[in-house]
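Asks: Read in order, the letters of the sequence shown are residues 0 to 298 in numbering that gives the first Met the number 0.
Glycine included, C-beta positions come from ideal geometry on N, C-alpha and C.
Please read these numbers as outputs of a predicted model, since none were measured by experiment.
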Amino acid sequence: MSNLSERTIATIGSGIMAEAMIGGLLRAGLVAPERIVASHNRAERREHLEREYAIRTVASNVDAVGGADIVLLAIKPQMLGRVGREIGPHLRRGQLVLSVLAGATTAALAGYLGHDQIVRSMPNTPARLGRGMTVWYATPETTEEQRLQARTLLSALGAELEVDDEKMVAMATAVSGTGPTYVFLVMEALIDAAVHLGFPRHIAHDLVIETLEGSTLFAKQSGLHPAELRNMVTSPGGTSASALHELESGRLRTVLSEAVWAAYRRTVELGDQLEANARPFEPGEASGADAARRRRDPR
Numbered sequence: 000m001s002n003l004s005e006r007t008i009a010t011i012g013s014g015i016m017a018e019a020m021i022g023g024l025l026r027a028g029l030v031a032p033e034r035i036v037a038s039h040n041r042a043e044r045r046e047h048l049e050r051e052y053a054i055r056t057v058a059s060n061v062d063a064v065g066g067a068d069i070v071l072l073a074i075k076p077q078m079l080g081r082v083g084r085e086i087g088p089h090l091r092r093g094q095l096v097l098s099v100l101a102g103a104t105t106a107a108l109a110g111y112l113g114h115d116q117i118v119r120s121m122p123n124t125p126a127r128l129g130r131g132m133t134v135w136y137a138t139p140e141t142t143e144e145q146r147l148q149a150r151t152l153l154s155a156l157g158a159e160l161e162v163d164d165e166k167m168v169a170m171a172t173a174v175s176g177t178g179p180t181y182v183f184l185v186m187e188a189l190i191d192a193a194v195h196l197g198f199p200r201h202i203a204h205d206l207v208i209e210t211l212e213g214s215t216l217f218a219k220q221s222g223l224h225p226a227e228l229r230n231m232v233t234s235p236g237g238t239s240a241s242a243l244h245e246l247e248s249g250r251l252r253t254v255l256s257e258a259v260w261a262a263y264r265r266t267v268e269l270g271d272q273l274e275a276n277a278r279p280f281e282p283g284e285a286s287g288a289d290a291a292r293r294r295r296d297p298r
């Protein structure tokens, strides 16, 4: 029995990443379908989720969070203001909010939601296959049990890594979060080069895909530094040496480094923009539903 088996999980903004998490949880038997409720404003999307996963769906975000122990926030960052104002007053102490929003800091999330038991995470697209990499940070207000629940939930997407410095989540957004984009671009360039050589495109595609997958698996299992692996296949005056000379002349390393830094700067910029428009949330302040109850009964 998993530590989620008796918990109710609500997904807000039940798009691709939320669906990946739902599928992973159910495949692993970590939670029963009746323990998951997904909100979405489109009826056809709700019907798809019900049909594929036998979970419960609702049109209202407020209805979804009401009885939930864990709230998975998987909306677009620009929707945080509207959705935060909508569900924030209905959150209560003890609920864990797990965000997969790019750029959204815990300070911004707490400000918009009026809630501070938050996990900020950054998965990537291979999570859809259960082969993702997720880096996450939990606020000091989260309990040990909530951290364990977050770890179990995120493990349904693949590998997960908790960090104790929130800045590392922004850094991971630029490396592992955006990383598949870099790989896909290299993949596309290699396929096009193979076609230019004379291969039919479908053969070029298979050559590149299998080479990248095999090389990654070899690197992972060998435990060797990439430089050592590269030296293993680079003979003096050989084909690899000629190819590497062109790549270095074209500043491949520098361009990749600059791309990662550009992604990091944009992540920080998004976080700053969200924080600037959020209401500061003070440590120890009551969460939305609790605050509303105290206003009604100050005793």
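#1: Have a look at the DSSP bridge pairing and note the partners of residue 119.
#2: Can you give the Cα-Cα distance for residue 140 and residue 151, rounded to whole angstroms?
#3: Taking only the alpha-carbon atoms, compute the straight-line gap between residue 101 and residue 209 and give it to the nearest angstrom.
#4: Give every residue of the same chain whose Cβ lies closer than 8 Å to the Cβ of residue 200, excluding the five residues on either side of it in the sequence, and list them in chain order.
#5: How long is the line joining the alpha carbons of residue 294 and residue 116, rounded to whole angstroms?
#6: Grouping DSSP H, G and I as helix and E and B as strand, with all else coil, what is residue 55?
#7: With distances taken between CB atoms, is the gap from residue 138 to residue 120 smaller than 7 Å?
#8: Compute the Euclidean distance between the alpha carbons of residue 238 and residue 72, then round it to the nearest angstrom.
#9: So, residue 155 versus residue 16, is the Cβ gap smaller than 7 Å?
#10: Taking all protein chains shown into account, decide if residue 244 is buried (16 or more other Cβ within 10 angstroms of its Cβ) or exposed.
#11: With a threshold of 16 other CB atoms inside 10 Å of the CB of residue 135, please say whether the residue is buried or exposed.
#12: Below 8 Å, can you find three or more Cβ-Cβ pairs linking the region 268-279 to the region 72-89?
#13: Expressed to the nearest angstrom, what Euclidean distance is found between the alpha-carbon atoms of residue 248 and residue 255?
#14: By DSSP, does residue 74 sit in helix, in strand, or in coil?
#15: From which residue to which residue does the alpha helix (DSSP H) around residue 214 run?
#16: Taking residue 148 as the reference, give the member of 48, 130 and 118 with the closest Cα.
#17: Within its chain, find whatever has a CB closer than 7 Å to the CB of residue 53; leave out the 5 residues flanking it on each side and keep chain order.
#18: Nearest to residue 35 by alpha carbon, out of 41, 253 and 62?
#19: Would you kindly work out how many angstroms separate the C-alpha atoms of residue 113 and residue 43, rounded to a whole number?
#20: To test your reading of the DSSP string, which unbroken beta strand (DSSP E) runs of 3 or more residues are found completely within the region 16-58?
#21: Considering only their Cβ atoms, is the gap separating residue 23 from residue 129 smaller than 7 Å?
#22: Can you look up residue 160 in the DSSP assignment and give me helix, strand or coil?
Replies: In short:
#1: Along the sequence shown, one-based indexing puts residue 119 at 120. Answer is 98 and 136, bridged to residue 119.
#2: For this step, residue 140 is matched to residue 141 along the sequence shown. For this step, residue 151 is matched to residue 152 along the sequence shown. Cα to Cα, the separation comes out at about 19 Å.
#3: Looking up residue 101 in the sequence shown gives position 102. Looking up residue 209 in the sequence shown gives position 210. Spanning the two alpha carbons is a distance of roughly 30 Å.
#4: The sequence position of residue 200 within the sequence shown is 201, counting from 1. 190 and 194.
#5: The residue you call residue 294 lines up with position 295 of the sequence shown. The residue you call residue 116 lines up with position 117 of the sequence shown. Caution is warranted here: a pLDDT of 45 is assigned to residue 294, below 50, making its placement in the model unreliable, and the coordinate value is therefore given only provisionally. Cα to Cα, residue 294 sits roughly 21 Å from residue 116.
#6: Residue 55 sits at position 56 when you count from the first residue of the sequence shown. Three-state DSSP puts residue 55 in a strand.
#7: Against the sequence shown, residue 138 aligns to sequence position 139. Against the sequence shown, residue 120 aligns to sequence position 121. Not closer than 7 Å, so no.
#8: Residue mapping note: residue 238 aligns to position 239 of the sequence shown, counting from 1. Residue mapping note: residue 72 aligns to position 73 of the sequence shown, counting from 1. In a straight line, the C-alpha of residue 238 is about 49 Å away from that of residue 72.
#9: Residue numbering aside, residue 155 sits at position 156 when the sequence shown is read from its first letter. Residue numbering aside, residue 16 sits at position 17 when the sequence shown is read from its first letter. Contact flag unset, no.
#10: For the purposes of this step, residue 244 is taken as the residue at position 245 of the sequence shown. It counts as exposed.
#11: Numbered from its first residue, the sequence shown carries residue 135 at position 136. Residue 135 should be labelled buried.
#12: yes
#13: Numbered from 1 along the sequence shown, position 249 holds the residue referred to as residue 248. Numbered from 1 along the sequence shown, position 256 holds the residue referred to as residue 255. So the alpha carbons of these two residues sit roughly 14 Å apart.
#14: Here the question's residue 74 lines up with position 75 in the sequence shown. The answer is coil: DSSP assigns residue 74 none of H, G, I, E or B.
#15: What you label residue 214 is simply residue 215 of the sequence shown in a count that begins at 1. Note, residue 214: alpha helix (DSSP H), 200-221.
#16: On the sequence shown, residue 148 is found 149 positions in, with the first residue counted as 1. Per the Cα distances, 118.
#17: As a position in the sequence shown, residue 53 is number 54, starting the count at 1. Counting only Cβ-Cβ distances below 7 Å, and skipping sequence neighbours, we find 32.
#18: On the sequence shown, position 36 is the one that residue 35 refers to. Comparing Cα-Cα distances from residue 35 to each of 41, 253 and 62, the minimum goes to 62.
#19: In the sequence shown, the residue the question calls residue 113 occupies position 114. In the sequence shown, the residue the question calls residue 43 occupies position 44. Their Cα atoms are separated by approximately 31 Å.
#20: As far as the region 16-58 is concerned, its whole beta strand (DSSP E) runs of at least 3 residues are 35-38 and 55-57.
#21: Against the sequence shown, residue 129 aligns to sequence position 130. Against the sequence shown, residue 23 aligns to sequence position 24. Closer than 7 Å, so yes.
#22: Here residue 160 corresponds to residue number 161 of the sequence shown, with the count starting at 1. Here residue 160 sits in strand by DSSP.
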